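Residue numbers (the working numbering), protein chains in the order written: chain R, 1 to 219; chain H, 1001 to 1114.
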């Protein structure tokens, strides 16, 4: 303090670069990331916009969190896994936020149910969690939801799958696998057959974590 | 808690906007497009110690302590943030998931002398 705060050898360019480096450091520290994420595969902007609209449609986030609590909302887009069993296997890569004690408070799967134009149909959708690797027939399955959806025309439907995450972001591996089966007269689920599919199923999870650093800072 | 003008010498808040496109981070940060990296700069001579941005009672407390302890008048205190707010961020993580979170105390709103 009190020292000459201007950097004697700094020109405007140097000062701007210093500030940009400071901003990068501040953002990564604030997100608890060691380095900036390298995006493995870009998500189509249409799918991002649609998912964000759903996130907003889910209603305003519950009031301000307590000072030492941080809230996250994560949208994860499904990848389809090949399976020899009837139905579809969806895989989600949920890299848990860097905090350790994250508590998942809400988890919903968004599926696009396609129904022939003008028809009213009943589709029964059953969702189960696949534990472990391997195809549907060889792993333990935990039933999460089996629900009859009466659909007048195609559209998005949500299914709560909170038990699948059991308070955390899925298995340690960070990969969550769900097996979907739909039965009904004429309706069906649009799976994530390819990454550019604008109607890819996606998962919205809301979590909170205690923010030890913030608590200390406040004290 | 004053914004610095060009020739401010006393403790003030210097504003600096960082555009994520300018630092090449707009590919993974979806929103916002940038943020205010404000910081505190300037002198805190004794007579303003504990003043702008802090409760005035704190200021008088500091001055009476200084007199009572005969602190060297050349002492300076520090120009520090006295009010900050969170930054809401929407970004892609390494698995191309979209994460929405608030980073607490990210933006300096006011500065003052400690």
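The beta-carbon is built from N, C-alpha and C at its ideal position, and this holds for glycine as well.
Predicted, not measured: the structure shown is a model, and the values here were computed from it.
{"Check": "Label residue 124 (chain R) either buried or exposed according to how many other C-beta atoms from any shown protein chain fall within 10 Å of its C-beta, with 16 as the threshold for buried.", "Outcome": "exposed"}
{"Check": "Measuring only between beta-carbons, confirm whether residue 161 (chain R) sits less than 8 Å from chain H.", "Outcome": "no"}
{"Check": "Which partner residues does residue 1108 (chain H) have in the DSSP bridge list?", "Outcome": "H:1084"}
{"Check": "Quick check on DSSP: helix, strand or coil for residue 1069 (chain H)?", "Outcome": "helix"}
{"Check": "Per DSSP, which one or two residues make a beta bridge with residue 244 (chain R)?", "Outcome": "Residue numbering for chain R in the displayed model covers 1 to 219; residue 244 (chain R) lies beyond these limits and cannot be assessed."}
{"Check": "Taking DSSP as the reference, what is the three-state secondary structure of residue 1037 (chain H)?", "Outcome": "coil"}
{"Check": "Assign residue 152 (chain R) to one of three DSSP states: helix, strand, or coil.", "Outcome": "strand"}
{"Check": "Give a yes or no on whether the minimum CB-CB distance between residue 79 (chain R) and chain A is below 8 Å.", "Outcome": "The displayed structure is made up of protein chains R and H, and chain A is not among them."}
{"Check": "What does the Cβ neighbour count give for residue 1082 (chain H), buried or exposed, with the cut at 16 atoms within 10 Å?", "Outcome": "buried"}
{"Check": "Can you check which of these residues, R:157, R:116 and R:101, is closest to residue 126 (chain R) by C-alpha distance?", "Outcome": "R:157"}
{"Check": "Find the nearest neighbour of residue 201 (chain R) within the set R:13, R:34, R:56 and R:91, judged by alpha-carbon distance.", "Outcome": "R:91"}
{"Check": "Do you know offhand how far residue 1026 (chain H)'s Cα is from residue 208 (chain R)'s?", "Outcome": "26 Å"}
{"Check": "Can you name the residues that DSSP bridges to residue 1100 (chain H)?", "Outcome": "R:73 and H:1090"}
{"Check": "Can the beta-carbon of residue 152 (chain R) be found less than 8 Å from the beta-carbon of residue 120 (chain R)?", "Outcome": "yes"}
{"Check": "Is residue 189 (chain R) closer than 8 Å to residue 183 (chain R) when the C-beta atoms are compared?", "Outcome": "no"}
{"Check": "When the Cα atoms are used, what is the spatial distance from residue 1104 (chain H) to residue 1036 (chain H)?", "Outcome": "14 Å"}
{"Check": "With distance defined between alpha-carbon atoms, name the residue in H:1092, H:1040, H:1016 and H:1020 nearest to residue 1034 (chain H).", "Outcome": "H:1020"}
{"Check": "Hey, residue 1039 (chain H) and residue 1014 (chain H): beta-carbon distance below 8 Å or not?", "Outcome": "yes"}
{"Check": "From residue 16 (chain R) to residue 1108 (chain H), what does the alpha carbon distance come to, in whole angstroms?", "Outcome": "18 Å"}
{"Check": "Rounded C-beta distance between residue 140 (chain R) and residue 131 (chain R)? I'm assuming under 8 Å.", "Outcome": "4 Å"}
{"Check": "Given 7 Å as the limit, tell me if residue 154 (chain R) has its C-beta closer than that to any heavy atom belonging to the ligand NAD.", "Outcome": "Within the structure as shown, the ligand NAD is missing, as the structure has no ligands at all."}
{"Check": "Taking the alpha-carbon positions, what's the residue 1110 (chain H) to residue 1069 (chain H) distance?", "Outcome": "29 Å"}
{"Check": "Closer than 8 Å, CB to CB, is residue 219 (chain R) near chain H or not?", "Outcome": "In this prediction, residue 219 (chain R) scores a pLDDT of 37, lower than 50, which makes its location untrustworthy; no coordinate-derived value is stated."}
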